[in-house]
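One structure is given here, and the rest of the page talks about it.
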Amino acid sequence: MKDTLDLSRTTGTATLALVCDAPTRTGFDPGDPAAAGAFGREGLALAHLGDVRRLFDGVP
7 MKDTLDLSRT
17 TGTATLALVC
27 DAPTRTGFDP
37 GDPAAAGAFG
47 REGLALAHLG
57 DVRRLFDGVP
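Each residue of the sequence shown is one higher than the last, beginning at 7 in the numbering used here.
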């Protein structure tokens, strides 16, 4: 994430868009059978705050 953000800043990009997968957007738990196979398929899979912290680790 930090590498992507650093590259974006050197090219003049002022914003960063994050796209989450459908289960994350709709609040499904990763262990829910209804969401089986869908996590991470079409975007970021963020199951809890720790995932968000890890994603932004090292980003000022």
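C-beta atoms are modelled at their ideal positions from N, C-alpha and C, and glycine is treated no differently.
field: Reduced DSSP secondary structure (H/G/I, E/B, other) of residue 50
entry: Indexing the sequence shown from 1 puts residue 50 at position 44. Reduced to three states, the DSSP call for residue 50 is strand.
task: Assess, as a yes-or-no matter, whether the segment 51 to 59 is touched by the segment 21 to 40 under the definition of 3 or more beta carbon pairs within less than 8 Å.
output: Three or more Cβ pairs closer than 8 Å define a contact, and the segment 21 to 40 meets that threshold against the segment 51 to 59.
message: Here's a check: name, in chain order, each residue in its chain whose Cβ is nearer than 6 Å to the Cβ of residue 34, leaving out the five neighbours to either side.
response: Your numbering for residue 34 matches position 28 in the sequence shown. The residues are 41.
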